[in-house]
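Heads up, the sequence shown is in this note's numbering, so the first residue is 353 and it goes up one at a time.
Below you'll find the structure, written out as structure tokens, and then a few comments.
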Amino acid sequence: MTDLPPLRLATRGSRQALAQSNAVAGLIRDRGGRAVDLVEISTIGDRTQGDNVPLHSIGGQGVFVKEVQRAVLDGRADLAVHSAKDLPSVTEAGLVLAAFTERRSPNDVLIGSTLADLPIGATVATGSVRRRAQLASVRPDLHFVELRGNIDSRLDKIPAGGAIVMALAALEILGLTDRISEVLDSDAFVPAVGQGCVAVECRIDDVETVAALAAVDHADTRSSVEAERAFLAELGSGCSLPVAGHAVGNRLHVFLADPDRNEHVSDVVALPADASRLDVARRAARSLQERLR
353 MTDLPPLRLA TRGSRQALAQ SNAVAGLIRD RGGRAVDLVE ISTIGDRTQG DNVPLHSIGG
413 QGVFVKEVQR AVLDGRADLA VHSAKDLPSV TEAGLVLAAF TERRSPNDVL IGSTLADLPI
473 GATVATGSVR RRAQLASVRP DLHFVELRGN IDSRLDKIPA GGAIVMALAA LEILGLTDRI
533 SEVLDSDAFV PAVGQGCVAV ECRIDDVETV AALAAVDHAD TRSSVEAERA FLAELGSGCS
593 LPVAGHAVGN RLHVFLADPD RNEHVSDVVA LPADASRLDV ARRAARSLQE RLR
């Protein structure tokens, strides 16, 4: 360990967020030699968890990150840890995404029943408009209801005879994969942009922290998530639109839906190995928009 003071890591106080933050803290300690102290922050998303208010109606992705980012910008913390899928597609002014840790499984899962075993008209609980659009595209008979809350409370809200939808990565980090009924194929049910990845932000002018985080940045994950975020940024949308993007190696799977018309489009595009992959991702977004008009 170095003689430098511990880095202060801003994080939400949920069990999943704390598990992710402790994992990042361990990587920084083991690879960069810096101690890390956690600084818990309450966000508007956390404070409304039990209200069954649709996420998109209270600000979309940003509801879980704004206060955490503010703690870094204000100097109360040196870095912030987020689920990458919660981050808006445009990085907050004054901050830099200094690390993307190695991605866990990006898939969605069903808990309570497999898709094939759900009876006609069964209820599926999810707060994600993307998940609703994708499931409805193959099972238009399903009935959807809101699902909010922390991981443990959501696991207690499985509808009778139905199922809930969650991210596999969240269950992996909490050791709850035994609850899974079915892992949905990520090609058919394209994950949210950044799903399964943990992103770490710090102040753009904080040279010491940027250097410390370089040791935990995972190059392949960064390449994939940056392409996904370029796709999302071109759409100019967040949780209010059923959109998905998932890059694996040189392929980018994309999905866009219009729930009002019950229509959706999807594609798989080849990504080059150089920086032009971001332009390809942006063109994929424009192509889906044109096809959905």
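Just so it is clear, CB atoms sit at the ideal spot from N, CA and C, and this is done for glycine as well.
For clarity, every value in this text was computed on a predicted model and none was experimentally measured.
When beta bridges are read from the DSSP output, Thr-475 appears opposite His-495. Straight-line spacing of the CA atoms in Thr-453 and Ser-576 works out to 12 Å.
In the pairwise beta carbon analysis, the segment 432-447 is classified as not touching the segment 479-496: fewer than three pairs are separated by under 8 Å. If you draw a straight line from the Cα of Glu-560 to the Cα of Leu-644, it comes to about 46 Å.
When the Cα atoms are used, Arg-422 and Leu-565 turn out to be separated by approximately 19 Å.
If you ignore the 5 residues before and after Ile-472, its C-beta comes within less than 6 Å of the C-beta of Asp-493, all in its own chain and listed in chain order. The C-alpha of Glu-580 lies about 18 Å from the C-alpha of Asp-537. Check the Cα spacing between Ala-429 and each of Arg-506, Leu-462, Ala-485 and Ile-393: the tightest is with Ile-393. Listed in chain order, the non-local C-beta contacts of Pro-543 below 7 Å within the same chain comprise Pro-458, Asn-459, Asp-460, Ala-596 and His-598, local neighbours out to five positions each way being set aside. The beta carbon of Ala-451 is closer than 6 Å to those of Val-552, Leu-565, Val-568 and Asp-569 in its chain, skipping five residues each way along the sequence.
The DSSP-derived three-state label of Ser-618 is strand. A residue is called buried once 16 or more other Cβ atoms fall within 10 Å of its Cβ, and Glu-586 is buried on that count.
Secondary structure at Asp-355: coil, using DSSP grouped into helix, strand and coil. Between Leu-507 and Ile-463 the beta-carbon gap is near 7 Å, inside 8 Å, which marks them as a contact. For the segment 515-549, the full-length beta strand (DSSP E) segments reaching 3 residues or more read 515-519 along the chain. Rounded to whole angstroms, the Cβ separation of Leu-361 and Ser-373 is 6 Å, and the two are in contact under 8 Å.
In the structure shown, Ser-480 adopts coil according to DSSP, grouped into three states. For Arg-455, the number of other beta carbons within 10 angstroms of its own is at least 16, and it is reported as buried. With respect to the 7 Å criterion, Val-490 and Gly-514 are not classified as neighbours on the basis of their beta carbons. DSSP places Leu-431 in the uninterrupted beta strand (DSSP E) bounded by 431-435. In summary, Pro-624 is exposed, with fewer than 16 beta-carbon neighbours lying within 10 Å of its beta-carbon over all protein chains present.
Just so you know, the alpha carbons of Ser-628 and Ala-636 end up roughly 13 Å apart. With 16 or more other Cβ atoms inside 10 Å of its own Cβ, Pro-594 counts as buried. Only residues of its own chain outside the window of five on either side were considered, and among them Phe-607 have a CB closer than 6 Å to the CB of Ser-618, listed in chain order.
Between Ala-436 and Cys-554, the CB-CB gap reaches or exceeds 7 Å.
For Glu-392, the uninterrupted beta strand (DSSP E) run begins and ends at 388-393, by DSSP. A direct Cα-Cα distance of roughly 18 Å separates Gly-546 from Val-535.
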